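Counting in the working numbering, the sequence shown runs from 956 upward without gaps. The beta carbon of each residue, even a glycine, is placed where N, CA and C say it ideally should be. All figures in this text were calculated on a predicted structure; none of them were measured in a lab.
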Amino acid sequence: MKIDYRSTYIKYMLAGVLLLLAFLLFVRPVHFKASTSTVLLDRNGQLLSATVTDEGMWQFPAPDSVPLRFATCLLQFEDAYFYYHPGFNPVSLVRAAIQNIRKNEIVSGASTITMQLVRLSRKVKPRTYLEKVIEIVLAFRTELAYSKKSILAMYASHAPFGGNVVGLDAAAWRYYNTSPNNLSWAEAATLAVLPNAPGLIFPGRNQHLLKTKRDFLLTKLYKKGIIDKQTYQLSLLEPLPNPTNRLKQRATHLLTRCIKDGLKGRIIHSTINLEYQNNATQIAKRYYRHFLANGIRNLAILVIDNKTGEVPVYIGNILSNNPNFSSRVDIITSPRSYGSLLKPFLYAYMLSEGLLLPRQLVKDVPIAVAGFAPKNFSKTFEGAVNANEIISRSLNVPSVILLKKYGIEKFYNNIKRTGLRSINKPPSHYGLSIILGGAESTMWELARAYSALARSAINDSLRKTFISYTLNTKSQKSDTFDAHGISAGAAYLTLQALTESKRPGEDGTWRNFIASQTIAWKTGTSYGFRDAWAIGVTPKYTVAVWVGNADGEGRPILIGAATAAPVMFDIFSILPSSSWLSPPYYDLKTVTTCKRTGMLASTNCNDVIDELVPAVKTKTLPCFYHKKIFLDETEDYRVNRTCFPDKNIKDTSWFILPPAQEWFYKKTHFDYTPLPPLHPKCKTQDDLTKNIDLVYPYYGADIYIPIENDGKRGQVILKATHRKPESTIYWHLDNKFIGVTQNVHELAISPKPGSYVLTLVDENGEELKRRIKIIGEVR
């Protein structure tokens, strides 16, 4: 019978192809399901911190390649023919079989790198001949699926390096605090011998055996000409890694934030500058020791590069071993009351819309709106204050007055568009208190907003940017923002005003401390002394500092200027300085203003100056505080043409404040000259201004009658002012005479709760009426 060799050949070929297809389809190459550590690197690739895997191991994500030194050491120690075999080495297998038969036990496995990789993927399996066959088959399949480079990289990232350290990257950072790319020959050789017996030898266990193996490998490298004699001799002298070395844990709150943002199990290349981060951490810890002695347990620092939007410093909190200190809370992302930090934005909005001039005089007297009665930090009032000083001195009452004029809803909408998303209730919920910290925002949002001011002032085309803590912004959640509603000119003038920031009790030494560069800065203190803030801005950086207790406990010294500002200035001292902003003349114009009131100059303003204001239509009134008056020849009395001959009349311009404002203003402005009295010959009162006003109760005030310690009802003190203090004022309550005052116009009364009409009349018949409301009694 004739055999059809061709047909048989085809059948075998088809069978072989089918077997190969089945092999490829049903025999899976190596794959790993284990989780990996989340790794945070600084902008230059230095390790900041990392987490253990879900299995409790230090195992970094697999690299794309293996550094040459380690690869060379590993292959010389484990698999010199790695690049020549198909996953298993037949010669080594035969040699190992002979050795094992002779010894009647397994003394050599002849495993290649690929076979070891297979064994690692199969976890704990018995070392039998059947298991060896399986490893060979899977190794061959793996070689068909991956390149040699990929197989080596997988092995390097999954090999055990002692204890709970898995993978080359984790081992290099754990034992040598360096990247695998920076390992010396001695360090690479040390790590290369660890996977061979990770449970037997690793730093801290059997050090002498570890050194013997390392030196053996170094000798092999020298004999093969891979390293020269000098390198060989120096490598032998290098010490083994310190067994107490631990992985660095820096910027841990940023690492946690990255995990929450969906970056778990990845290598994160952050924007952090390790040098700045370390220096800032040292500053924070130095202050923290002092704060801790005063019952203050938490501190946070954030730095933003204004030009790039990158974050070089991120300290979410000071870590503590005390579980009661809430040190794991990331203050940077936690909503907190911001105190006075939004005042500059109101100033900037009003400048941008032409509703305010930079130095315009604003009223500073007691007010009450719907039960809200703000007080200045100093508990005093000044009658009137220039607008730029409202933000540089952080005055509360004038800020509330400006907000009432500007509109709560408009202000709310603008700050929301600037990126303050944590303020998420309707504007009616906050009311006027929103300007004094009546809402909450995060350090991230607030620092970002101040950075927006700087960017707007630097270049209007840079208004919109992306604040990022990772070099790859695609891996971070969208975080674009701009200084909505603030022009470049307004941003510049606002920051310029903040370079003069002062707070009560400040002795002026800050100016010497920060003489090297100009810094615009603002502090904030929340109600109840729970949060102390300081945010500073230069053209290059925005620095935000928060000091307080994460659980909200207040402390008397938690005042922004006293606790947060010193930290902020120290942070600026470790950052590169920059020259101050240049005025954006394209968005500014020059107007003539009254030097004293900061308002547009009127014909009655004798002392005027030219100053820069935003290049928008100015909607403010000319100065109405300066008025023309007529004096007699002695200039001691005010007169008019109905009672005095023209030839003896002198006309002049006079700075005149309403009586209530004047009463407060002259207490702190000793150069203020009250309006001269009317000449005795002039019986007719002129209409320049009223003479009498009520200081307390002010409009809208809720009045309570105090209950004394003995249980008796106390009294409320009514206060009035008159341009002529020696004048007599007659007081009436609901048309019932209740008293008379002269010189010091204060009267104590104790009416029952209810609404009343208070009437004040002087000896010339000038009258003032004010409706007041007695709410009740209070202890």
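Contact under 7 Å by Cβ, residue i with residue j
i	j	result
A1342	L1311	yes
L1085	H1113	no
S1307	P1629	no
V1340	V1317	yes
L1408	A1445	no
A1143	F1032	no
A1499	L1209	no
L1401	L1358	no
F1610	Y1580	yes
A1323	G1709	no
D940	I1270	No statement about residue 940 is possible, as the shown extent of the chain runs from 956 to 1734 and does not include it.
P1382	Y1367	yes
F1484	L1513	yes
A1615	T1449	no
K1636	Y1627	no
V1355	F1336	no
G1117	L1093	no
S1406	N1261	yes
S1190	A1141	yes
V1523	A1489	Per the sequence shown, the amino acid found at residue 1523 is Met instead of Val. Contact: yes.
T1497	W1399	no
L1003	R1205	yes
Own chain, CB closer than 6 Å to residue i, minus 5 neighbours either side, in chain order
i	result
E1722	V1716
Y1110	I1068, L1072
G1460	Because G1460 carries a pLDDT of 44, less than 50, the predicted location of this residue cannot be relied on, and no value is offered for it.
L934	This structure leaves residue 934 out entirely; the chain is present only between 956 and 1734.
V1699	none
G1392	S1292, Y1293, G1294, S1481
I1346	K1298, P1299, Y1302, A1452
T1714	H1687, K1724
W1465	Confidence is the limiting factor: at W1465 the pLDDT is only 49, short of 50, which leaves the residue's position unreliable, though a coordinate-based value still follows. There are no such residues.
In DSSP terms, what residue i is bridged to
i	result
H1496	The sequence given here has Tyr at residue 1496, not His. Paired residue(s): D1260.
D1319	G1338
L1688	K1691, L1713
K926	What the structure shows of the chain is the stretch from 956 to 1734, and residue 926 is not part of that stretch, so it cannot be assessed.
G1491	W1476, V1498
S1396	R1291
G1503	N1253, D1486
E1722	V1716
P1115	V1121
W1128	In DSSP, W1128 forms no bridge with anything.
V1671	I1704
Q1014	V1121
V1563	C1549
Q1697	T1683
Chain-order list of residues whose beta-carbon lies under 8 Å from that of residue i (same chain, five-residue window excluded)
i	result
Y1711	L1688, D1689, R1726, I1727, K1728, I1729
S1275	R1252, S1282
E1395	P1290, R1291, S1292, Y1293, S1377, I1378
A1404	F1300, I1370, T1373, G1374, L1375, F1436, A1438
K1240	I1273
F1692	Y1685, W1686
Residues near residue i by beta carbon distance below 7 Å, same chain, minus five either side
i	result
G1463	Here G1463 scores only 49 on pLDDT, less than 50, and its place in the model should not be relied on; the value that follows carries that caveat. Counting only Cβ-Cβ distances below 7 Å, and skipping sequence neighbours, we find nothing.
S1411	R1418, A1438, I1441, A1443, A1446
P1631	L1586, D1591, Y1592, R1593
T1008	A989, S990, T991, S992, Q1014
T1607	I1584, L1586
I1658	P1652, V1671, I1727, K1728, I1729, I1730
R1668	I1660, I1662, S1705, E1732
K1104	S1020
L1536	A1412, I1413, Y1447, L1450, P1494
Note down, one range per segment and in chain order, each beta strand (DSSP E) of at least 3 residues found wholly within the region 1584-1652. 1605-1610, 1647-1651
Worksheet item: Would you say the region 1249-1257 touches the region 1277-1289, given that touching needs at least three Cβ pairs under 8 Å?
Response: yes
Count the CB pairs spanning the region 1368-1380 and the region 1207-1225 that are closer than 8 Å, and state whether there are at least three. no
Note to self: Taking 8 Å as the cut-off, does the region 1153-1166 touch the region 1035-1046 (at least 3 CB pairs, one atom from each stretch)?
What the structure shows: no
Q.
If contact is defined by three or more beta carbon pairs under 8 Å, each pair taking one atom from either stretch, is the region 1119-1126 in contact with the region 1160-1167?
A. no
- prompt: Is the number of C-beta pairs between the region 1469-1486 and the region 1295-1306 that are closer than 8 Å three or more?
  reply: yes
Which residue spans inside the region 1182-1228 form an unbroken beta strand (DSSP E) run of at least 3? 1222-1224
Do the region 1166-1181 and the region 1125-1138 meet, that is, are 3 or more Cβ pairs less than 8 Å apart? no
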